[in-house]
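Participant: One structure coming up, written as structure tokens, with questions to follow.
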Amino acid sequence: MLPQPECERLTCTVDWNFVTVEVGLVFGHGIVFYPLLIWKRTNAQKAKNAEVKTENRVMKAGLVSSLLVMLLYWLCLCNHVFVVSSLCLDDQRSLLLQFKKNLTFMDMADRSSSRLKWWNASDDCCKWMGVSCDKEGHVTSLDLSEESIYGGFENSTSLFSLQHLQHLNLAENYFVSEIPSAFNKLENLTYLNLSKASFVGQIPIEISQLTKLVTLDISSSFPFYTEQRLKLENPNLRRLVQNLTSIRQLYLDGVSISVPGHEWCSALLSLHDLQELRMSQCSLSGPLDPSLARLENLSVIVLDENNLSSPVPQTFAHFKNLTILRLYNCELTGTFPQKVFHIRTLSLVDISFNNNLHGFFSEFPLSGSLQTLRVSNTNFTGAFPHSIGNVRNLSNLDLSNCGFNGTIPDSLSNLTKLSYLDMSHNNFTGPMTSFGMAKNLTNLDLSDNDLSGIIPPSHFERLYNLVNIDLSYNSFTGSIPSSLFTLPSLQQIRLSDNEFSQLDEFINVTSSRIEILDISNNNLFGSIPSSLFKLPLLQVIRLSRNQFSQLDEFINVSSSILDTLDLSRNNLSGSFPTFIFHLSALSLLQLSSNKFNGSVQLNKLFELKNLTLLELSHLSVNADVTNVDPSSFPSISNINLASCNLKTFPGFLRNLSTLMYLDLSDNQIQGTVPNRIWKLDDLMHLNISHNLLTDLEGPLQNLPSNLVYLDLHYNKLQGSLPVFAKDVMYLDFSSNKFSSVIPRDIGHYLSLTCFLSLSNNTLHGSIPDSLCNASNLEVLDLSINKISGKIPSCLMMMSDTLEVINLKNNNISGPIPDTVQASCGLWTLNLHGNLLDGLIPKSLAHCLKLEEISTLRILVLRNNKFQGSLLCSKANKTWEMLQIVDVAFNNFSGKLPGKYFMTGKRDIHNKDEAEAKLIEKKFDIYQQIYYQDRVTVISKGLQMELVKILTIFTCIDFSSNHLEGPIPEELMDFNELYVLNLSNNALFGKIPSSIGNLIQLESLDLSQNSLSGEIPLQLASLSFLSYLNLSFNHLVGKIPTGTQLQSFPASSFEGNDGLYGPPLTENPHGKELAVLAQPECGRLACTIDWNFISVELGLVFGYGIVFGPLLIWKRWRVWYWQLIHKILCWIFPQMYLEYVTHRGQTYTILRWWY
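In the numbering used here, each residue carries its 1-based index in the sequence shown increased by 1439.
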């Protein structure tokens, strides 16, 4: 008989909940075993007599076994009935209540859901929420996670007196203190969770004394980049885990460990039973040690967001029990081991955001484990294998932002459990595969690929769970499948930037759940379907950049919840659609660049109380700004009324306190810019360019500090240059009539400015040194003014931040300061048309520094007085990105620097893409703003101003200098060259036969040199060549016939005495000259009037003294005409100089400015 408990201390009670469970369990076993006994007895009666005895023995044994099992359960039941007690010991209850008393909480108002609220001294503490006890009444488990506990607790707290505690969870609280060292008193702990509890500082070494720990979670709740997070430095990781030999789960996410790979990897090798390792955001360094594979029990490895900077060891494929591998954003390198994907237990792989990690997929084996595969933002390439269909349990596949190519495998449709698929930003080609079998698919993203063809409607018929679809930035054609709009769960459709040509009406719109529809930038035409505006949940419609021509008036739109309507850049015509006035929920309205006619009453639009953005620019309508009450649109922040035939500033602007963006450019607004514009406190962007404004109403000293973009160019503003607020980042005053000096302290107001253009005014004086205080300046354009003086030396020191310096067409003199920084980041340096002289400074073009300008694309030193050599013997690199170099009309001498023109990185592999791309500088000033260079070049004998320069366009002009020597062979390898002008120099030698490599060349001028030899046949192979000038050299031989060279005029070859053949004469010696007939003196006296001759000789001698040196010495001649030009320009301010090329000769002429 079992001994009965003593009831003096313990209350003998029956736990009937437990008894009912036991009874149910015994009853269940009876149901299972009793039929087995009956079944055996029945079969025994039907068996042969020889087997009866044997069967009876088996039956009896089964009966005895079943009775023993039932008896055992009844004994257990009786034991629980008579022995169960409250168990809670008084000292345990006291310790818990004392611990609770000393706690403080983050928010006492949220205490209603707390476990601690139910801790009552009169109740059994073992029944308290979060508390568990053993049979003797000792507390063995305590769970106080998510209790909003605030503030730490001391080493003396009663918690550490619970000596039998095995399980402790304090996660997700707000202790904001160091971890107490007294945790070593809880020596029976097997589970300790302090994760996300806001502990800070060093993890105490006493944790390492908890040798029975199986699970340790000390993950930090603070961001990994803050100083408050937990640290594991002293002790380090090795000392912490050296005694924790029983550990199976180790979670240290967010703890600062900061040790190299061999240290933390070797520290873990002593944990032979380790199954789960999580150490993301721990500031770990690499490399990953192959010896980690010795931890053969590892099933979870999470090392996200550590700077490992190493390959993944091949030994990682040896983890036979691995289920989760996460190495997200770890700066991994090398090639990822393919065999890792073949681990049969693997369920999740995430190696995304490792841009230098290479890899590819071979074949996927039949697998029932892999559920999530993420390799996005890596350098994985190649075709994606058809065998992906073998991974039947795959639910999440992310291949975005990689380099995959080929077609999308049809086998993806076999993945019936697939719910998330992202293959965007790759190079997949061919048609879109069907995903009809993937009925669980919720997200489908194939955007930014090269997919093409027509999408059959059947591709979407079974995707009942699809929520988001993104097929934008591909080349799909045909109709947009109407079946898309009938999918019951679909909320977002993004099909922009394709070649769809038709959008049909669709039915059953009342049950649609579509919220966002973006089909912008396609070839859609005709009428906009009326069914779009009947979609009940539609919030965003983007149809911009199509060819829609008709927008019908719709009725019953007042119940619409439409928030965004973008119909810009179409061909919509007719009257302004009035149904828009009834879209009461409308917030963003974009109708710019259409062909609406008539007028639009802004007061009707501003009755839309939720309107925040209004774009009506470049319409054919007249904006009626009368009778507009500014109080009717309290939330408006963006107004774009460019090219709306406005004559004055709208009066409603006066009190728009929420206005942030205002564009009134390209109108006919005249007179003064009113002061009320500057008083809009939240105004950030103001564009009033291309108007007829003459002055600014002051004062301008206390402008709103939020103004970051100000564009006043192409007006008639005059007087002194204004100074604006210090926070302006983009400032354009170009093409006005400002005539003052540049304020000496202007740089003090440009501390945040990255773009400054004062070009095409009549500013004078010198460049102020204070401009160098504009430390964020990236573009400086002071061109086409009357600025004089020298270039400040500190300005060239800003070359590490400045990307564009344009000082062309001024009167700046002196040398270029030799202060260019080694980290020069210049894109454009344009000093055309000044009075600069001296040598090219070493820091820019001599010896070491020239090679550092690897970003330099445009270098224009044309029409100055520079001298010296362009060659640097110590240079060992090239102008890799140079596209336009123009040093014509200077005094440079020496040989051409051929090695600089070795193309290097200038080879353009994707010509089609380069032909559509412009040289432009992008500014991210809360929106994308682009600056494009304007460069004057001589091409095909004509002067052209390039406003939009393609990245593929390359031009070299070294004409009108004193360069000598042969044409360098390296220049002939510049296979993207479009214009080459070496005329008017002293070059000699032969024209290189390798000139045939310049397959893109359109204009070639080698005139006025001393080139010799024959014209190479390869020159005739340049099929794009449309301008050629080889005149006035010493070329000989016959011009190659049967080629396009005969299509050029004879002037292209004149002045070469030994040259013949079409289009010149066929005779190599030309035609013989006729002998002039002598006068007959028969009747006339052949005498000389010496008196008359003496006068003529004196006159000729006098003129010879004056003009002889001008004819003989080029330097005197240039100086003389420059003096004449300067005197004329001084007398007549309307006159200006212009360079013109005619038949290979470049001239300076005077023109009158109208």
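All C-beta atoms in this analysis are idealised placements derived from N, C-alpha and C, irrespective of residue type, glycine included.
What distance in whole Å lies between the Cβ atoms of residue 2181 and residue 2160, which are believed to be in contact at a cut-off of 8 Å?
Facilitator: About 6 Å; that satisfies the 8 Å criterion.
Participant: Could you name each continuous beta strand (DSSP E) segment of 3 residues or more that falls completely within the region 2189-2267, going from the start of the chain to the end?
Facilitator: List check, beta strand (DSSP E) in window: 2194-2196, 2218-2220, 2243-2245.
Participant: Is the beta carbon of residue 2116 sitting closer than 8 Å to the one on residue 2085?
Facilitator: Taking 8 Å as the Cβ cut-off, residue 2116 and residue 2085 do not qualify as a contacting pair.
Participant: Please report the residue range of the alpha helix (DSSP H) in which residue 1756 lies.
Facilitator: First-last for residue 1756: undefined, no H or E at that position.
Participant: Can you give the Cα-Cα distance for residue 2403 and residue 2424, rounded to whole angstroms?
Facilitator: Cα to Cα, residue 2403 sits roughly 7 Å from residue 2424.
Participant: Between residue 1711 and the rest of its own chain, which residues show a CB-CB distance below 8 Å, the 5 nearest in sequence each way excluded?
Facilitator: Here the set comprises 1684, 1734, 1736.
Participant: Note down, in chain order, each residue of its chain lying with its Cβ closer than 7 Å to the Cβ of residue 1777, except the 5 sequence neighbours on either side.
Facilitator: Excluding residues within five positions, the ones whose Cβ falls inside 7 Å are 1801.
Participant: Excluding the 5 residues flanking residue 2211 on each side, which residues of the same chain have their C-beta closer than 8 Å to its C-beta?
Facilitator: 2186, 2231, 2233, 2234, 2236, 2237.
Participant: Taking Cβ positions only, does residue 2008 come closer than 8 Å to chain D?
Facilitator: Absent from the structure: chain D. Only one protein chain is present.
Participant: Go through its chain and collect everything with a Cβ distance to residue 1584's Cβ below 6 Å, but skip five positions before and after it.
Facilitator: Result list for residue 1584: 1608, 1610, 1611, in chain order.
Participant: Under the DSSP definition of a beta bridge, which residues are partnered with residue 2475?
Facilitator: Its beta-bridge partners are 2497.
Participant: What separation, rounded to the nearest whole angstrom, lies between the Cα atoms of residue 2330 and residue 2027?
Facilitator: Looking at the two C-alpha atoms, the distance is approximately 59 Å.
Participant: In three-state terms, what does DSSP make of residue 1957?
Facilitator: Strand, per DSSP.
Participant: Do you know whose CA, among 2222, 1922, 2056, 1954, lies nearest residue 1930's CA?
Facilitator: The residue with the shortest Cα to Cα distance from residue 1930 is 1954.
Participant: Give the C-beta separation of residue 1912 and residue 1887 to the nearest angstrom, bearing in mind that I take them to be a contact with Cβ-Cβ under 8 Å.
Facilitator: Yes, they are in contact, since the Cβ atoms of residue 1912 and residue 1887 sit about 4 Å apart, within 8 Å.
Participant: Is it buried or exposed, residue 2567, if we count other Cβ atoms within 10 angstroms and call 16 or more buried?
Facilitator: Answer is exposed; the Cβ neighbour count stays below 16.
Participant: Does the distance from the CB of residue 2056 to the CB of residue 2036 come in under 8 Å?
Facilitator: Going by C-beta atoms, residue 2056 is not nearer than 8 Å to residue 2036.
Participant: Tell whether a beta-carbon distance below 8 Å holds between residue 2271 and residue 2302.
Facilitator: Taking 8 Å as the Cβ cut-off, residue 2271 and residue 2302 qualify as a contacting pair.
Participant: What are the uninterrupted segments assigned as beta strand (DSSP E) that are 3 or more residues long and contained completely in the region 1836-1884, given in chain order?
Facilitator: Those beta strand (DSSP E) runs which fall completely within the region 1836-1884 and span 3+ residues are 1842-1846, 1859-1861, 1866-1869, 1882-1884.
Participant: Can you list, in chain order, the residues of its chain with a C-beta nearer than 6 Å to that of residue 2322? Leave out the 5 residues immediately preceding and following it.
Facilitator: 2296, 2393.
Participant: Would DSSP call residue 2186 helix, strand or coil?
Facilitator: In this structure, residue 2186 counts as helix in the three-state DSSP scheme.
Participant: Quick one, are the C-beta atoms of residue 2474 and residue 2451 less than 8 Å apart?
Facilitator: For residue 2474 and residue 2451, yes; Cβs fall inside 8 Å.
Participant: With DSSP run on the structure shown, which of helix, strand or coil describes residue 2393?
Facilitator: It is coil, neither helix nor strand.
Participant: From what residue to what residue does the alpha helix (DSSP H) around residue 1680 run?
Facilitator: Segment 1676-1680, the alpha helix (DSSP H) holding residue 1680.
Participant: Quick check on residue 2468: does DSSP put it in helix, strand or coil?
Facilitator: It is a strand residue.
Participant: Relative to the C-alpha of residue 2279, which candidate in 2265, 2256, 2269 has its C-alpha closest?
Facilitator: The shortest Cα separation from residue 2279 among 2265, 2256, 2269 belongs to 2256.
Participant: Quick one: what's got a C-beta closer than 6 Å to residue 1829's C-beta in the same chain, skipping five residues either side?
Facilitator: 1803, 1805.
Participant: Per DSSP, residue 1822 is paired with what?
Facilitator: Paired residue(s): 1844.
Participant: Report all residues from its chain with a CB closer than 6 Å to the CB of residue 2172; omit the five preceding and five following residues, and keep chain order.
Facilitator: Here the set comprises 2151, 2197.
Participant: Would you identify the three-state DSSP class for residue 2269, choosing helix, strand or coil?
Facilitator: Three-state DSSP puts residue 2269 in a strand.
Participant: Grouping DSSP H, G and I as helix and E and B as strand, with all else coil, what is residue 1722?
Facilitator: Of the three classes helix, strand and coil, the one that applies to residue 1722 here is coil, per DSSP.
Participant: Quick check on residue 1577: does DSSP put it in helix, strand or coil?
Facilitator: Residue 1577 falls in the coil class under three-state DSSP.
Participant: Looking at the secondary structure, which residues open and close the alpha helix (DSSP H) in which residue 1531 lies?
Facilitator: 1529-1540 is the span of the alpha helix (DSSP H), which, as asked, contains residue 1531.
Participant: So for residue 1907, helix, strand or coil by DSSP?
Facilitator: Three-state result, residue 1907: strand.
Participant: Rounded to the nearest angstrom, what separates residue 1959 and residue 1869 at their Cα positions?
Facilitator: Taking the straight line from one Cα to the other gives about 22 Å.
Participant: I think residue 2215 touches residue 2192, with their Cβ atoms under 8 Å apart; what is that distance to the nearest whole Å?
Facilitator: Right, the Cβ-Cβ distance comes to about 6 Å (below 8 Å), so this counts as a contact.
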